[in-house]
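Student:
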Amino acid sequence: MIRMTDVFKEYANGTKALKGVTFELNTGEFAFLVGPSGSGKSTIIRLLIGEIAPSDGEVIVNGQDMDNIKMRKMPYLRRTVGVIFQDFRLIENKSVYENVAFSMRVIGASGKDIRQRVPYVLELVGLEYKAKAKPDELSGGEQQRVAVARALVNNPRLIIADEPTGNLDPARSLEILLLLKKINDLGTTVLIVTHEKPLVDQFSQRVIAIDGGRIISDGMDGYYNYEG
Amino acid sequence: MKVNRNRTFYYIKEGVISIFNHSLMSFASICIIIAFLIIMGSFILLVVNINAIIGELESDNVILAFIHENVSDSDARALENTIRTIPNVAGARFITRQEAYEQFIGRYDEEDRFEDIDYTVFRHRYAIYVDDVALIGDTQQALRHVPEFARINTNMAVASAFVTVRTVVGWISAVIIAVLLVISLFIMSNTIKLATFERREEIAIMKMVGATNSFIRWPFIFEGFLLGVTGSMIAYFSLWGLYGLAAGSVMEFEAGFFQLVLFSNVSVPLFILFAGIGFGVGVGGSGFALNRYLKV
């Protein structure tokens with residue numbers, strides 16, 4: 098789960114990215130975080146994955162206060178959070194299978210566990226037949242599905258997707274969001290950061306809208322004030 | 013500590029793959045280490061040989077302690093025990109008047125010229141050898157406090173020349189070795205930096221999925237280790253071969269003048285030194301280069 102309480106973030110250059118953001122995402126929830134460029138969405142993501150610390154306020158991710166976490170404990174927290182990026186961030190010289198297995202290897206999983214889990218996750222995202230392909234042999238949608246598989250393979254409690262459909266056509270975008278919804282239905286908390294209003298409208302889900310570093314609306318059924 | 017064999021295999025595999033993926037830089041690193049170690053090793057062998065030559069010449073650099081005429085023969089011989097208690101004294105040889113006389117006239121061809129000289133005009137004396145020629149002045153002072161000695165003769169100029177030569181050679185070698193060591197570390201560090209720069213995205217992904225710093229670091233450390241140790245071993249055996257060739261030429265040219273130190277006499281310490289430097293430069297360079305990318 099995520100809890101942000103009255104969070105402020107001011108960068109070294111004086112930019113005030115967040116001005117008192119408060120919201121909570123409970124275990125098992127599915128939500129969109131929407132807002133225009135420069136609204137503070139990326140800052141929220143960076144705070145949630147521990148890349149930066151808040152200037153003020155409290156950020157709790159999976160029960161851990163991100164401002165007080167010891168650096169040596171950060172990797173262990175990150176293992177409970179799966180992150181998906183707009184640009185996929187796959188390792189080019191590794192196969193689909195290796196890209197996904199890599200996440201398990203990083204946390205010290207045994208070879209046997211890797212051989213069991215990776216095919217299962219690839220099947221879940223519909224890529225079992227592309228296990229040996231390299232990322233540059235896949236379409237954008239397929240690459241994003243590999244990224245989803247990688248985020249999912251360690252069974253994280255929370256998945257954060259940063260503009261996961263930014264590089265995809267509408268059909269592939271919908272396909273990825275449906276995949277993330279399917280993962281949420283299996284019990285994983287999912288937060289999707291996006292600015293694509295038409296896509297968000299397809300889902301009857303909670304939408305948190307941010308603009309100018311402040312939450313401007315937070316409600317169910319796709320309602321939000323942001324005219325993206 | 014529990015060793016995860018899967019992981020160790022993964023670190024080694026990734027380290028080896030990286031060496032071949034960046035083959036040009038790997039080759040450059042190995043060449044730099046070889047060049048550095050051969051130059052450094054040559055200086056070390058030069059210093060070892062100079063020290064050996066100085067040591068040989070030092071053994072000829074003796075203190076002559078002349079004994080008062082009024083000291084009896086038996087007391088004069090008994091002085092050896094007193095001399096041996098003085099610090100830095102390696103040994104002492106008693107030379108009788110008769111021997112001193114014979115040595116004197118033996119230096120000249122015209123023996124009949126000295127036939128009128130009575131050997132009793134010569135004094136009994138001791139030829140005293142020292143451990144460290146640099147401390148010969150102190151030894152001379154200590155000998156002056158022995159009342160039975162009438163006079164102490166030391167060739168201080170020659171002794172200080174030996175010390176100066178050894179000190180200068182030592183310093184020059186130390187400076188050159190230090191400079192080469194810094195250059196090697198810098199180049200190795202840059203090699204690994206380039207490798208990490210190329211793989212910065214991969215490192216960022218590793219961090220994102222929860223890799224610990226040590227998990228990210230180990231393949232690079234293995235890479236540095238393999239490059240360093242490979243370079244040092246090639247350098248070691250090349251130096252051995254080159255020294256053998258050089259020693260052969262020197263022996264032929266300077267036959268009998270001095271004896272070069274055999275490589276086998278220094279092979280073990282040199283091997284340990286080369287392996288240690290190869291390891292240090294490789295592993296140290298990798299660790300240093302990686303720090304920048306791990307602070308995420």
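Going down the list, the sequences are from chains D and V. So that you can map any letter, position 124 of the first sequence is 221 in this note's numbering, and since no number is skipped, the others follow by simple counting. So that you can map any letter, position 274 of the second sequence is 286 in this note's numbering, and since no number is skipped, the others follow by simple counting. Backbone N, C-alpha and C define an ideal beta-carbon position, used for all residues, glycine too.
(1) Would you tell me roughly how many angstroms separate the C-alpha atoms of residue 157 of chain D and residue 173 of chain D, rounded to the nearest one?
(2) Output needed for residue 76 of chain V: all residues of its chain with C-beta closer than 7 angstroms, excluding positions within five of it in sequence on either side, in chain order.
(3) May I ask you to report which of helix, strand or coil DSSP gives residue 228 of chain D?
(4) Does the distance from the C-beta atom of residue 245 of chain D to that of residue 211 of chain D stay below 8 angstroms?
(5) According to DSSP, what are the bridge partners of residue 312 of chain D?
(6) Just to check my reading of the structure: residue 130 of chain D and residue 288 of chain D have Cβ atoms closer than 8 angstroms, yes? What is that Cβ distance to the nearest angstrom?
(7) Closer than 8 angstroms is the cut-off here; do at least three beta carbon pairs connect the segment 217 to 230 of chain V with the segment 78 to 96 of chain V?
(8) Give the residues from the segment 195 to 218 of chain D that approach chain V closer than 7 angstroms (Cβ to any Cβ), ordered along the chain.
(9) Within the continuous alpha helix (DSSP H) that includes residue 247 of chain D, where are the two ends?
(10) Given that a residue counts as buried once 16 or more other Cβ atoms are within 10 Å of its Cβ, and exposed if not, what is residue 298 of chain V?
(11) Determine the DSSP secondary structure at residue 101 of chain D, reduced to helix, strand or coil.
(12) Since I believe residue 272 of chain V is in contact with residue 280 of chain V (beta carbons under 8 angstroms), could you give me their beta-carbon distance rounded to a whole number of angstroms?
(13) Less than 8 angstroms between the CB atoms is what I'm expecting for residue 175 of chain D and residue 208 of chain D, so what's the real figure, rounded?
(14) Thinking just about the alpha-carbon of each residue, which of V/243, V/296, V/278, V/259 is nearest to the one in residue 50 of chain V?
(15) Is it buried or exposed for residue 14 of chain V, if we count other Cβ within 10 angstroms and need 16 for buried?
(16) Measure the C-alpha to C-alpha separation of residue 154 of chain D and residue 126 of chain D and round it to an integer number of angstroms.
(17) Would you check if there are 3 or more beta carbon pairs closer than 8 angstroms linking the segment 181 to 193 of chain D to the segment 260 to 273 of chain D?
(18) DSSP state of residue 271 of chain V, grouped into three classes?
(19) Any idea which residues DSSP pairs residue 138 of chain V with across the strands?
(20) Comparing the C-beta of residue 180 of chain D with each C-beta of chain V, is any distance below 8 angstroms?
(21) Going by DSSP in three states, residue 165 of chain V sits in which element: helix, strand or coil?
(22) Is the separation between the beta-carbon of residue 243 of chain D and that of residue 201 of chain D shorter than 8 angstroms?
(23) Any C-beta of chain D within less than 7 angstroms: which residues of the segment 217 to 235 of chain V qualify?
(24) Given 8 angstroms as the limit, is there contact between the segment 134 to 143 of chain D and the segment 308 to 319 of chain D, that is, 3 or more CB pairs closer than that?
(25) Which stretch, first to last residue, makes up the alpha helix (DSSP H) that contains residue 280 of chain D?
(26) Please work out which residues of its chain come closer than 7 angstroms, Cβ to Cβ, to residue 216 of chain D, disregarding the five sequence neighbours upstream and downstream, and give them in chain order.
(27) Give the DSSP-derived three-state secondary structure of residue 206 of chain D in the structure shown.
(28) Can you give me the C-alpha to C-alpha distance between residue 64 of chain V and residue 145 of chain V, rounded to a whole angstrom?
(29) Is the CB of residue 173 of chain D under 8 angstroms away from at least one CB in chain V?
(30) By the criterion of Cβ-Cβ separation under 7 angstroms, what are the contact partners of residue 22 of chain V in chain D?
(31) Please name the residue in V/143, V/29, V/107 whose C-alpha comes closest to that of residue 190 of chain D.
(32) To the nearest angstrom, report how far apart residue 171 of chain D and residue 221 of chain D are at their CA atoms.
(33) Checking 8 angstroms against the spacing of the C-beta atoms, do residue 170 of chain V and residue 73 of chain V come in under that value?
Tutor: According to the data block:
(1) The count along the first sequence starts at 1 and reaches residue 157 of chain D at position 60. The count along the first sequence starts at 1 and reaches residue 173 of chain D at position 76. Approximately 15 angstroms, taken between the alpha carbons.
(2) Along the second sequence, read from residue 1 onward, the residue named residue 76 of chain V stands at position 64. The residues are 137, 139, 165.
(3) For the purposes of this step, residue 228 of chain D is identified with residue 131 of the first sequence, where counting begins at 1. Residue 228 of chain D: coil per DSSP, three-state reduction.
(4) Here the question's residue 245 of chain D lines up with position 148 in the first sequence. Here the question's residue 211 of chain D lines up with position 114 in the first sequence. Cβ atoms of residue 245 of chain D and residue 211 of chain D: not closer than 8 angstroms.
(5) Position 215 of the first sequence, counted from the start, is the residue given in the question as residue 312 of chain D. Per DSSP, D/307.
(6) Locating residue 130 of chain D in the first sequence gives position 33, where the first residue counts as 1. Locating residue 288 of chain D in the first sequence gives position 191, where the first residue counts as 1. Contact holds; Cβ gap of about 6 angstroms.
(7) no
(8) 200, 202, 203, 204, 205, 207, 208
(9) As a position in the first sequence, residue 247 of chain D is number 150, starting the count at 1. Counting along the chain, the alpha helix (DSSP H) containing residue 247 of chain D begins and ends at 237 to 249.
(10) Within the second sequence, residue 298 of chain V is the residue found at index 286, counting from 1. With 16 or more other Cβ atoms within 10 Å, it is buried.
(11) Within the first sequence, residue 101 of chain D is the residue found at index 4, counting from 1. Correct three-state label for residue 101 of chain D: strand.
(12) Reading the second sequence from its first residue, position 268 is the one you call residue 280 of chain V. Reading the second sequence from its first residue, position 260 is the one you call residue 272 of chain V. So it is not a contact: roughly 18 angstroms between Cβ atoms.
(13) Here residue 175 of chain D refers to the residue found at position 78 when the first sequence is read from its first residue. Here residue 208 of chain D refers to the residue found at position 111 when the first sequence is read from its first residue. That belief does not hold up - the Cβ atoms of residue 175 of chain D and residue 208 of chain D are roughly 23 angstroms apart, past 8 angstroms.
(14) Numbered from 1 along the second sequence, position 38 holds the residue referred to as residue 50 of chain V. Ranking the options by Cα distance to residue 50 of chain V, first place goes to V/243.
(15) One-based indexing of the second sequence puts residue 14 of chain V at position 2. Legend: pLDDT at residue 14 of chain V = 49, less than 50; position of this residue unreliable, no value from coordinates given.
(16) For the purposes of this step, residue 154 of chain D is taken as residue 57 along the first sequence, with counting starting at 1. For the purposes of this step, residue 126 of chain D is taken as residue 29 along the first sequence, with counting starting at 1. If you take the alpha carbons of residue 154 of chain D and residue 126 of chain D, they lie about 23 angstroms apart.
(17) yes
(18) Against the second sequence, residue 271 of chain V aligns to sequence position 259. Coil.
(19) The sequence position of residue 138 of chain V within the second sequence is 126, counting from 1. Residue 138 of chain V is bridged to V/77, V/106.
(20) On the first sequence, position 83 is the one that residue 180 of chain D refers to. Output row for residue 180 of chain D: interface = yes.
(21) Sequence index remark: in the second sequence, residue 165 of chain V carries index 153 (1-based). Correct three-state label for residue 165 of chain V: strand.
(22) Position 146 of the first sequence holds residue 243 of chain D. Position 104 of the first sequence holds residue 201 of chain D. No, the pair does not count as a contact, with Cβ atoms beyond the cut-off.
(23) 217, 218, 220, 221, 222, 223, 224, 227
(24) yes
(25) Taking the first residue of the first sequence as position 1, residue 280 of chain D is located at position 183. Here the alpha helix (DSSP H) through residue 280 of chain D covers 267 to 282.
(26) Against the first sequence, residue 216 of chain D aligns to sequence position 119. Excluding sequence neighbours, residue 216 of chain D sits near 225.
(27) Walking along the first sequence from the start, residue 206 of chain D turns up at place 109. Correct three-state label for residue 206 of chain D: coil.
(28) What you label residue 64 of chain V is simply residue 52 of the second sequence in a count that begins at 1. What you label residue 145 of chain V is simply residue 133 of the second sequence in a count that begins at 1. Straight-line Cα distance between these residues: approximately 13 angstroms.
(29) The residue you call residue 173 of chain D lines up with position 76 of the first sequence. At least one chain V Cβ lies under 8 angstroms of residue 173 of chain D.
(30) Position 10 of the second sequence, counted from the first residue, corresponds to residue 22 of chain V. Those are 202, listed as they occur along chain D.
(31) Indexing the first sequence from 1 puts residue 190 of chain D at position 93. The candidate whose alpha carbon is nearest that of residue 190 of chain D is V/29.
(32) For the purposes of this step, residue 171 of chain D is taken as the residue at position 74 of the first sequence. For the purposes of this step, residue 221 of chain D is taken as the residue at position 124 of the first sequence. Their backbone Cα atoms lie some 28 angstroms apart in a straight line.
(33) Your numbering for residue 170 of chain V matches position 158 in the second sequence. Your numbering for residue 73 of chain V matches position 61 in the second sequence. Yes, the Cβ-Cβ distance between residue 170 of chain V and residue 73 of chain V is below 8 angstroms.
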